[in-house]
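Under UniProt numbering, think of the first position of the sequence shown as 1, with each following residue one higher.
These notes concern the structure reproduced below.
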Amino acid sequence: MSISDYFEDQILDHMLRNQSFTPPASVWGALNIDDPLETGACELSGQGYARQSIAWNAATGGLLDNSAVIDFTDLPAACIRFASIHDAVTAGSVLWAGSLSASKTLNASDTFQFPAGSLDVTLD
């Protein structure tokens, strides 16, 4: 996944300019029909879609991954190609985004799942 310009700026200002930064209490996974970086304007919507909270394993070797299954249920018909991580359950800012290993065509009411350990985040 790639880090958003917004989050890059937050990290740089916090670490190198001693600017305050309050990390979100939770981060939320989202599904996207196109690349959401910088605007988040391509997020799936409708039917029963909602962002899902993500639990994480401890970072090791510059990589962090999800510690539990992330389930999206009752989805609208769409073709999803990207996933993103946000700092709020609705609205907020994109922190990271990346393409899925393969696009997934959804029918109305389908589910989509990231198994534990399958959503990787790095700071490279």
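Just so it is clear, CB atoms sit at the ideal spot from N, CA and C, and this is done for glycine as well.
query: Say whether chain C places a C-beta atom closer than 8 Å to the C-beta of Val-94.; result: Of the chains in the structure shown, none is chain C; there is only one protein chain.
query: Should the stretch 91 to 102 be called in touch with the stretch 4 to 16, which here means at least 3 C-beta pairs below 8 Å?; result: yes
query: State the Cα-Cα distance for the pair Thr-111 and Leu-64, rounded to the nearest angstrom.; result: 24 Å
query: How big is the Cα-Cα spacing for Ser-45 and Thr-105?; result: 14 Å
query: If you reduce the DSSP assignment to three classes, tell me which class Leu-106 lands in.; result: strand
query: Please check the pair Gln-109 and Gln-47, which I expect to be a contact at CB under 8 Å, by giving their CB distance rounded to whole angstroms.; result: For clarity, residue 109 is Ser in the given sequence; the question names Gln instead. Going by Cβ atoms, the distance from Ser-109 to Gln-47 rounds to 7 Å, so yes, they are a contact pair.
query: Would the beta-carbon of Gly-62 fall within 8 Å of that of Thr-122?; result: yes
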